[in-house]
Amino acid sequence: MTKFQKLIIFCFVLVCAHAFAQSDGEQQATRGYLSGSIDINANVFLKDSAINAFGLPQYERQFFGGESWLNLQYNYGTLSAGIRYDMYINSNLRNPNDSYSDQGIGRWFVQKKFDKLDIQAGYIYDQIGSGIIYRAYESRPIFIDNALLGARINYRFTPEFNIKAFAGKQKNAFDIYEGTVKGLNTEWYNSFGETNALSLLSGVGFINKTISDEAMDRIVNTLKFYLPVDRFGPVYNSYAFTAYNTLTYKSISWYAEAAFKSKDIFYNPYATKLEPNGSTSFGKYEFKPGSVIYTSLSLSLDKLSLTLEGKRTENFNFRIDPNLRLLRGYISFIPPMNRQNTYRLPARYAPFTQELSELAYQLDARYKWNKKLLTNVNYSSIATLDNEQLYRELYIENNYKLNTTWSFTAGLQLANYNQRIYEEKPDADVVRTVVPFTDILYKIDRKKSLRWEFQYMVTQQDFGSWLFSQLELGLAPRWIFEASVMYNTDPRRTLVGATEPEKILYPALGATYSKDGNRFQLRYVKQVEGIVCSGGICRLEPAFSGVRFNLSSQF
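For reference, each letter of the sequence shown is one residue, going 0 to 554 in numbering that gives the first Met the number 0.
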C-alpha cells in the first residue's frame, strides 16, 4: 500500500471517528451519517476434466479464489466523502484464464455541493449522453472499472441549464493509465405548451484524449516495420464530439445522438497488412476518423407499447491507449442493440458491440390483450457495414396470469450468431438456434411459491443441442432454494481428453438467505464454457466446476 493510500485511509478514519463520536442529537442537527456496503465472492475450484475445468492455477494448486469490496460513504450536509477497499485473492475476474491477487484502495472521492456549484475530486463515475464518447463506470462481473481519477466541476445556471467540465487519468485496477482525458458537457431543457406536453432535453459534449509517451513509443516502434502503404504519422491528441436530444410529446419519446471522432490511432484485427515478401496478414494499426449514429423511438398507448432502435458505428474504437486489448482502456461505451435475455439458454449466445463496423436495429413490441395476457415480440438484426450478418434474433414471449395462484410464461427464440467474429474462432460456423421455453409459477400461499423453468435449444453447431431445467422454492421473505440441470443432449464438440463428443450433465444446487439488507448465497455449480455479459459488454469465459459463496450487505 502506498503512502498516499495510507493517508487517504487515515483521513477517512478521522472523519468516521468524528461521526461516531457525535451524540444522536448532534448527528441529527448536522445531518451527518455514515453508510456503506460490503460484497464478498468466494469460489472453491473443484477440477473436472470431463467439462474442461482444469489446467488453470485455481484448479491445479490454489483451489480457492475470491474478491471483496468494502465501500464506506460519509455525508455531512452538502459534503460527501467515500472510500472503497478492494481485495482479490487468486481471482479469475480480471482474466478468466489466469489468477490475480492484489489489494488496496479501489476508489476514494470528496464531493461538495454549493448553491449552484458541485465540485468532486477523486475517482469519478460519469458519462456524456448515452456514453458513446465518454462513460466512466464499474461492472464487477467482467472486471470493468474505468473511473476517472481527477476532478469535475458542475455548475447549474438555472434549473434548466447546466455545464460540467472534468479532467484526469483513467483507472487501471490499483494503478492508472498515463494518458489524460479532458471533457466538457452542457445540457438544457425546454418545455412548450400550457400543459408542457412537448419537451426537449438537449446536450452537447466534447472529449480530448492525449496518449502517453510510453504508448506513443510502442506505436512508433511497431509502425517502423510497416511498409509505406500501411504506415502513417501518429499523433498524441484526438477529439470526440457528440450532440444528443430527447424529445417527449405525450406518449412519444424520441432520443437521437450523433457522435464523431477525429483521426485516431486504433488496432483493427480484421484489416489486411502488406508483408515485405508480398503476402498479406490480418491485424494492423490504423489512423482514421470514426462515427456513431444512434436513435431510439418509443410509443406507449393504452394496450400497446413500441420501441424502435437503430445504430450505425464506424471506426469508433476509442481507448486511452491504442495498445490495449480486450475490455481494457475504453473511454467510450456504445449501447448494445439486442434484447438482454435473462433465461439461461436464450442468453447463451449474446452479441456485443462491434465498434469498428456495425449496422444494427431492433424492434420491441408489447401488447396487453387483457388483465391476464401480455405478449412481447422482439426482433433485432446486426450486420457489418459490408453487409456481413453478425446476429439476428426473433424473440416471442407470452405471460398469462390464470389467477392469484398460477402464472405461466411460454415463448420461442430463433437466433443466428456469428461465432467467428464474436468469439474470434476463425473456423467456427454461424450458430443457428431454436429455443422454446416455459416458466411456471405456483404460489402455495402468501409466503411460499414454487417456480419451474424449462428450455430446450436445438442447434447443429458449437456444443450442439441443450436442455435446461430449474426448480425454485421460495419461502418469503428469507429463503430461496434452487436446483437445476443443463444437459448436452446432442453433443457436437469433442472436449480435451475425449475421443468423441460426449453427453455431459451440468448440475447446480443453491440456497439464498436474505434479512435486514444482508444477502447470503451458497451454490454448487458446474458451468459450461460460454459468453458472459454485463450491461451489453461481453466476454468468453471457460467452464467452471466448484462451490460459490456470495455475501452482499448494506448498512
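Each residue gets a CB set at the ideal place from its N, CA and C atoms; glycine is no exception.
- Secondary structure of Pro-268 (DSSP, three-state): strand.
- In this model, Phe-44 and Arg-547 are separated by some 9 Å (Cα to Cα).
- Annotation for Thr-157: the continuous beta strand (DSSP E) segment containing it runs 147-157.
- Following the DSSP letters along the chain, one finds Val-291 in no alpha helix (DSSP H) but inside the beta strand (DSSP E) bounded by residues 279-299.
- With 16 or more other CB atoms across the displayed protein chains lying within 10 angstroms of its CB, Asp-461 is buried.
- Counting only residues of its own chain and dropping the five nearest sequence neighbours on each side, Arg-134 has a CB closer than 6 Å to the CB of Gln-126 and Phe-332.
- Here Ala-482 carries a strand assignment [DSSP, helix/strand/coil].
- Of the other Cβ atoms in all chains shown, fewer than 16 fall within 10 Å of the Cβ of Ala-475; this residue is therefore exposed.
- Going by C-alpha positions, Lys-170 is about 40 Å away from Ser-278.
- In the three-state DSSP reduction, Ala-475 falls in the coil class, being neither helix nor strand.
- By the criterion of at least three beta-carbon pairs nearer than 8 Å, the region 204-222 is in contact with the region 230-247.
- Boundaries of the alpha helix (DSSP H) harbouring Met-215: 212-222, taken from the DSSP string.
- Three or more Cβ pairs drawn from the region 254-268 and the region 312-328 lie within less than 8 Å of each other, which places the two stretches in contact.
- With a beta-carbon spacing of about 11 Å, Ile-141 and Ile-530 fall beyond the 8 Å limit used to define contacts.
- In this structure the region 335-342 does not touch the region 283-291; the number of beta carbon pairs closer than 8 Å is below three.
- Nearest in C-alpha terms to Lys-112, of all of Gly-149, Tyr-122, Asn-96 and Asn-153, is Asn-153.
- Per DSSP, the continuous alpha helix (DSSP H) segment holding Arg-419 begins and ends at 418-421.
- If you ignore the 5 residues before and after Tyr-293, its C-beta comes within less than 6 Å of the C-beta of Glu-256 and Lys-310, all in its own chain and listed in chain order.
- Ser-79 carries a strand assignment under DSSP once its states are collapsed to helix, strand and coil.
- Sequence-distant Cβ neighbours of Leu-305 in its own chain, meaning closer than 6 Å and more than five residues away, are Leu-298 and Ala-364.
- Linking Lys-283 to Thr-77 through their CA atoms gives a straight-line distance of about 50 Å.
- Bridge partners of Gln-119 according to DSSP: Gln-110 and Arg-151.
- Arg-155 and Lys-115 have their C-alpha atoms some 5 Å from each other.
- DSSP places Asp-97 in no beta strand (DSSP E); its state is neither H nor E.
- A residue is called buried when at least 16 other Cβ atoms come within 10 angstroms of its Cβ; Ile-443 does not meet this threshold and is exposed.
- Every beta strand (DSSP E) stretch that sits fully inside the region 429-511 and reaches 3 residues is listed by chain position as 429-442, 447-456, 463-474 and 478-490.
- The Cβ neighbour count for Gly-65, taken over all protein chains shown within 10 Å, is at least 16; the residue is labelled buried.
- About 5 Å separates the Cβ atoms of Pro-345 and Gln-412, confirming a contact at the 8 Å cut-off.
- Taking 8 Å as the cut-off, the Cβ atoms of Gly-167 and Asn-184 do not count as close.
- Separation of Lys-262 and Tyr-136 (C-alpha to C-alpha, rounded to the nearest whole angstrom) is 25 Å.
- Bounds of any beta strand (DSSP E) do not take in Leu-384, whose DSSP letter is neither H nor E.
- The Cβ-Cβ distance between Pro-95 and Ala-214 does not fall below 8 Å.
- Our two residues, Tyr-329 and Asn-70, have alpha carbons roughly 24 Å apart in a direct line.
- Setting aside the 5 residues that flank it on each side, Lys-367 is surrounded in the same chain by Lys-302 and Leu-373, each with a C-beta closer than 7 Å to its C-beta; the list follows chain order.
- Exclusion of the five residues before and after Trp-107 leaves Ile-7, Gly-81, Ile-82, Gly-121 and Tyr-122 as the residues of its chain whose Cβ lies within less than 7 Å of its Cβ.
- With a threshold of 16 other beta carbon atoms within 10 Å, Gly-149 meets it and is buried.
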